[in-house]
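Take 116 as the starting number for the sequence shown in this note's numbering and just add one per residue. Right, one structure below, let's go through it.
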Amino acid sequence: MTQNKISVAEALKKIELGQSIADYSIDFDRIKVEALDVMKLAKAGVIVPEVSIFYDDEDIVYDEDFEGDWKRIDYDPVQEPEPKMEVQITLKKDVRRWVEKEHIKLDKLVEILVDGFYRSQKVAKEE
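Quick look at the structure:
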């Protein structure tokens, strides 16, 4: 079957309308595709050539979750993840308001605090 060639704009329109673009090839010649449109195309199974991707550093939104030092975590996708443990805590109103205002993810905070406490206790016992 011959594939019909369509523009990026036509492909995005078809994706937006929920139509399949599997029978089409997209013309990336002499065009730059914005990063958000690249994601839409990728979700539809289209691989955009790297030379055709355009993004402006000014458009990148700061996200404090991605700031700070990164450390590599070796992860085995075949290995079962550790089971989760649920904890219920009672917070005073002012603390609850602060947590909500600051968008603090309590599950992550408790996980980090307990892990840090455990490691500190382990080191203290070794000394």
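All C-beta atoms in this analysis are idealised placements derived from N, C-alpha and C, irrespective of residue type, glycine included. As the structure is a prediction and not an experimental result, all values here were calculated from the model.
Start-to-end residues for the beta strand (DSSP E) that takes in residue i
i: residue 140; result: 139 to 141
i: residue 65; result: Residue numbering for the chain in the displayed model covers 116 to 242; residue 65 lies beyond these limits and cannot be assessed.
Short Cβ contact (8 Å threshold) for residue i with residue j
i: residue 156; j: residue 126; result: yes
i: residue 147; j: residue 167; result: yes
i: residue 214; j: residue 221; result: yes
i: residue 202; j: residue 238; result: no
i: residue 153; j: residue 136; result: no
i: residue 197; j: residue 169; result: no
Start and end residues, alpha helix (DSSP H) containing residue i
i: residue 242; result: Taken as a continuous stretch (DSSP letters only), residue 242 belongs to no alpha helix (DSSP H), as it is neither H nor E.
i: residue 213; result: 208 to 216
i: residue 199; result: No alpha helix (DSSP H) contains residue 199, which DSSP labels as neither H nor E.
i: residue 155; result: 150 to 158
Identity of the residues DSSP links to residue i by a beta bridge
i: residue 165; result: Per DSSP, none; premise fails for residue 165.
Does the stretch 174 to 183 come close enough to the stretch 123 to 142 to have 3 or more Cβ pairs within less than 8 Å?
Taking 8 Å as the limit for Cβ pairs, the verdict is that the stretch 123 to 142 does not touch the stretch 174 to 183.
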